[in-house]
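Undergrad:
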Amino acid sequence: MRENIIIAGAGGQGIMLLGKIIAEAAMWEDKHVTWLPAYGAEVRGGTAHCMVIISDKEIGSPYIRKADTLIIMNQPSLEKFHGCLMLNGLFILNSSLIETARSKNKSFFKYPFTQIAIELGNIKVANMVALGFYIAKKKIISMKTVLKVIQDFAPEDKKGLVEINRQALLRGVQLNKG
34 MRENIIIAGA GGQGIMLLGK IIAEAAMWED KHVTWLPAYG AEVRGGTAHC
84 MVIISDKEIG SPYIRKADTL IIMNQPSLEK FHGCLMLNGL FILNSSLIET
134 ARSKNKSFFK YPFTQIAIEL GNIKVANMVA LGFYIAKKKI ISMKTVLKVI
184 QDFAPEDKKG LVEINRQALL RGVQLNKG
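Basically this note's numbering = 1-based index in the sequence shown + 33.
1. Kindly indicate the opening and closing residues of the beta strand (DSSP E) around Ser88.
2. Is the region 179-187 touching the region 122-130, taking contact as three or more C-beta pairs under 8 angstroms?
3. Helix, strand or coil for Gly205, going by three-state DSSP, please let me know.
4. In whole angstroms, what is the alpha-carbon distance linking Ser88 and Leu194?
5. How would you label Asp63, buried or exposed, when you count the other beta carbons within 10 angstroms and need 16 or more for buried?
6. Since Leu123 sits in a beta bridge, which residues does DSSP pair it with?
7. Leaving out five residues before and five after Ile39 in sequence, what residues of the same chain have Cβ atoms less than 7 angstroms from its Cβ?
8. State the DSSP-derived secondary structure class of Lys157, mapped to helix, strand or coil.
9. Leaving out five residues on either side along the sequence, give the residues of the same chain with a beta carbon under 6 angstroms from the beta carbon of Leu51.
10. With H, G and I counted as helix, E and B as strand and the rest as coil, what does DSSP make of Gly52?
11. Do Asn209 and Phe141 have their CB atoms nearer than 7 angstroms?
Set out below in structure tokens:
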């Protein structure tokens, strides 16, 4: 088993955190993992992406040329990464911030992750909605482990955010069922 994931969006959308949570959860489940962050302009709104590889074997390089899964959170990232998906890979888009997107890919999904996060009361959890959808679709890492990682990552003064993140993950899972 090997899963190559590219996650891309704007600075401030939690792109790096999303990749870190996936990588950490996979490690906790005894898988081999790499996480390769890349930042654009070092400000909110600049581009950001990361590459995560999960495998049952050792990983030689953290760089991904073609991904099994693309999680794209905004229009500029779609324009940059749309050609980096393997044939019939999983293509997940945040339709709240992507105006036009089409794909002949059988596994092409567009959901308003940002709008769902706003409805939940915190725009910053759009990344967790996307993560919930990914977890339910791919079943490579468990929800239980992801929730433990989020609990572990939360600083003492931010433990209250664990619940909103849990709610966002569950909304993402529901999208897969709907």
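For every residue, glycine included, the Cβ atom is placed at its ideal position computed from N, Cα and C.
TA: Well, looking at it:
1. Thr80 to Ser88 is the span of the beta strand (DSSP E), which, as asked, contains Ser88.
2. The region 179-187 makes no contact with the region 122-130; the number of CB pairs closer than 8 angstroms stays below 3.
3. It is helical.
4. One Cα belongs to Ser88, the other to Leu194, and the distance between them is close to 30 angstroms.
5. Exposed, because fewer than 16 other Cβ atoms sit within 10 Å of the Cβ of Asp63.
6. Under DSSP, Leu123 shares a beta bridge with Thr102.
7. Around Ile39: His82, Met84, Ile97, Ala100, Leu103, Phe114 and Cys117.
8. Residue state, collapsed to three classes: helix.
9. Setting aside the 5 residues that flank it on each side, Leu51 is surrounded in the same chain by Ile40, Asn160 and Leu164, each with a C-beta closer than 6 angstroms to its C-beta; the list follows chain order.
10. In this structure, DSSP gives Gly52 a helical state, which the three-state scheme calls helix.
11. Not a contact, by the Cβ cut-off of 7 angstroms.
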